[in-house]
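Counting from 325, one number per residue, gives the positions in the sequence shown under our numbering.
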Amino acid sequence: MAVATPETRDRRQRIARRILLALALAGGALACKAPAVRPNVVFVLVDTLRKDHLGLYGYPLRTSETIDALGRGGWVFEKHIAHASQTVPSTLSMMLSRLPVDHGFAHRRIRQFSDRPPRFPDEFLFLTEVFREAGYATAAAVGNRFLSHKTGFSQGFEFFFQAKVGDKLTAASLRWLEARRTREDERPVFLYVHYVDAHYPYVDPKEHPDRVATPASGRLLFGNGLVADIAEADLAFTRASYDAGVATVDDEISKLVAYLEERGIFEDTIFVVTSDHGEEFDEHGGLGHGTTVYGEQVRIPLVVSHPRELEAGRRITRPTQHLDLAPTLLRWAGIPVPEAFRGQDLLGEERPILADNGVWRAVHAGSRKLILNTETGEEVVYALDDELDRSPVEGPVASDLREALAAYLQQEDAGGTGPSSAEEWSEEEKEQLRALGYLE
């Protein structure tokens, strides 16, 4: 008599859930009008990309020529907000359509996993799984080791590739796309590419002398948190290195766009460019990310191009959030949104937007933003148009801001189960994490 191990039970549960999901998709088909041509989806996430270092958001340097062109041909979201300033909680909120307190991987809960990665539960329903069950071919090329087979991020992907350098991720993506074409696989594709070239240690500015500043002096700064006595020359060199990383990723994105155009499928592709969080360069006395919920760390780009369906040049000025991205992509693809997803359409009813960094929490509502330090009780209000949160608004805190934040905090104890440990990092993985500044 066979004994059901935890692994086989998990597998059976996942198979059962897939069957139920397939039935739900079939049953909901009449409620969600499918497009005449099912679009491909190319989802590019640029790790650590802050919006104000892109040309289409007003940056004067030529860091983002391809992304800018995508924005001119599609939609640009002016006030898009991440739910955390660290990769794992932010990306999970985007791919699961759940807030950090709901999926349980808020920043404060994963700090203990520097030596051993967290493991995402099999019960999580990823956006990728929904696309796959709807008949899409799914693939990922990922540069961040916290999003891996080992952590469970590969759920729903038929093909999953990892490398740190962006050109390897692009090459793997193009090989997969071309292999499908030569096999005459007619399924639409969902391709997720996660670049880390804009993440510390960035890129030498000399790699892009015609597009970014090339300071004659200075050294590369590193730090996640408050940093004292930052020399201006060092800060300028660090910013230039970051910009070079952005330009490097932009070049990789241009290769993906060129392939789609050459194969005649760009018109029928939803092409998304966004980020998990931003990066601080001494705006509030610190460097890096994962430390606050100020604008430089949570105000991120969102650019969507779909030439066949979305009018060119539209700029959405209302606040939007990562929670709503997955449901919107499914709607555009004519796929019913699972009940497990908490988000709505990006252009649906406006509601408060939360950002969570463990100690620091923020709620964006109406024209204001409230930041709370949960350890000291300090509250600060900013105008939402003050994108880097430089000038506090005087006066009493509006009741709607306090109520929205209180409602979020009340969910904390009832949130997701949080992370368990996966197997230990390999030596190769540790080296890559050290290079990114995650391990000492």
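Using N, Cα and C, we set each Cβ at its ideal position, and we do this for glycine too.
Here the structure is a predicted model, which is why all the values come from computation and not from measurement.
(message) So, under 8 Å CB-CB, Asn468 and Asp371 are touching, yes? Tell me the CB distance rounded to an integer number of Å.
(response) 6 Å
(request) Could you tell me which residues DSSP puts in a beta bridge with Thr593? (result) BP columns for Thr593 point to Asn364.
(request) Counting only runs of 4+ residues fully inside the region 633-707, write out the alpha helix (DSSP H) ranges in chain order. (result) 649-656
(message) If I measure Cβ to Cβ from Gly542 and keep anything under 7 Å in the same chain, skipping five residues before and after, which residues do I get?
(response) Ala557, Asp558, Ala560 and Phe561
(message) Distance check for Arg507 and Gly382, CA to CA, integer angstroms please.
(response) Rounded to the nearest whole angstrom, the CA to CA distance from Gly382 to Arg507 is 43 Å.
(request) Check the C-beta distance from Ser417 over to Ala408 and give it rounded, since I have them as a contact under 8 Å. (result) 7 Å
(request) Tell me whether Pro445 sits in a helix, a strand or coil according to DSSP, three-state version. (result) Correct three-state label for Pro445: coil.
(request) For the beta strand (DSSP E) containing Gln621, list its first residue and its last residue. (result) Looking at the DSSP string, Gln621 is not in any beta strand (DSSP E); the run it does join, the alpha helix (DSSP H), is Gly619 to Val622.
(message) With a threshold of 8 Å on Cβ separation, who are the neighbours of Arg632 within its own chain once the five nearest residues in sequence on each side are excluded?
(response) Val361, Pro363, Glu591 and Asp592
(request) Go ahead and label Ala346 buried or exposed: buried means 16 or more other beta carbons lie within 10 angstroms of its beta carbon, across all protein chains shown. (result) Only weak support exists for where Ala346 lies, its pLDDT of 49 falling under 50; the value from the coordinates is given anyway. Ala346 is exposed by the Cβ-count criterion.
(message) Closest to Glu766 by C-alpha separation, out of Val627, Ala650, His646 and Gly609, would be which residue?
(response) Because the chain spans 325 through 764 in this model, residue 766 falls outside it and cannot be assessed.
(request) Helix, strand or coil for Thr494, going by three-state DSSP, please let me know. (result) helix
(request) Look at Gly602 and Arg623 and say whether their C-beta atoms are less than 8 Å apart. (result) yes
(request) May I ask which residues mark the beginning and end of the alpha helix (DSSP H) holding Thr415? (result) Thr411 to Leu420
(message) Per DSSP, what are the beta-bridge partners of Thr598 in this structure?
(response) Leu369 and Leu626
(request) Would you tell me roughly how many angstroms separate the C-alpha atoms of Leu423 and Val466, rounded to the nearest one? (result) 22 Å
(request) Going by CA-CA distance only, name the one from Arg535, Val596 and Gly547 that's closest to Gly609. (result) Gly547
(message) Among the candidates Glu402, Glu607, Val400 and Asp426, whose CA atom is the shortest distance from the CA of Arg714?
(response) Per the Cα distances, Glu607.
(message) In the DSSP output, which residue or residues are listed as bridge partners for Tyr516?
(response) Partner(s): Phe367 and Ala464.
(message) Am I right that Val597 and Leu394 are in contact with their C-beta atoms under 8 Å? What's the rounded C-beta distance?
(response) 6 Å
(message) Since Leu373 and Ala522 should fall inside the 8 Å C-beta cutoff, what is the C-beta to C-beta distance between them, to a whole number of angstroms?
(response) 5 Å
(message) I need the DSSP call for Leu580, collapsed to helix, strand or coil.
(response) helix
(message) To the nearest angstrom, how far is the alpha carbon of Phe483 from that of Pro413?
(response) 23 Å
(request) Would you identify the three-state DSSP class for Lys488, choosing helix, strand or coil? (result) coil
(message) Given a cut-off of 8 Å on the beta-carbon distance, is the pair Lys693 and Leu708 in contact?
(response) For Lys693 and Leu708, yes; Cβs fall inside 8 Å.
(request) Can you say whether Gly512 is buried or exposed, counting buried as having 16 or more other CB atoms within 10 angstroms of its CB? (result) It should be noted that the sequence gives Pro, not Gly, for residue 512. Pro512 comes out buried.
(request) Find the nearest neighbour of Asp376 within the set Asp724, Asp710 and Tyr524, judged by alpha-carbon distance. (result) Asp710
(request) Please report how far the alpha carbon of Gln621 lies from the alpha carbon of His613, in whole angstroms. (result) Taken atom to atom, the span from the alpha-carbon of Gln621 to that of His613 is near 6 Å.
(request) Return the first residue and the last residue of the alpha helix (DSSP H) that Gly395 is part of. (result) Counting along the chain, the alpha helix (DSSP H) containing Gly395 begins and ends at Glu389 to Arg396.
(message) Within the continuous beta strand (DSSP E) that includes His404, where are the two ends?
(response) Trp399 to Ile405
(request) Could you pull out every residue in the same chain whose Cβ sits closer than 6 Å to the Cβ of Ala728, ignoring the five residues on either side in sequence? (result) Pro676, Val687 and Ala689
(message) How far does the beta strand (DSSP E) with Leu767 in it extend, from its first residue to its last?
(response) The structure shown does not extend to residue 767, since the chain spans only 325 to 764, so no value can be given for it.
(message) As a quick exercise: from Phe367, Gly379, Val365 and Trp399, pick the residue whose alpha carbon is nearest that of Arg639.
(response) Trp399
(request) Would you list the residues sitting across from Glu269 in a DSSP beta bridge? (result) Coverage of the chain is limited to positions 325 through 764, which leaves residue 269 absent and any answer about it impossible.
(request) Output the distance between the C-alpha atoms of Thr647 and Glu703, rounded to the nearest integer angstrom. (result) For clarity, residue 647 is Leu in the given sequence; the question names Thr instead. Cα atoms of Leu647 and Glu703: separation of roughly 25 Å, rounded to the nearest angstrom.
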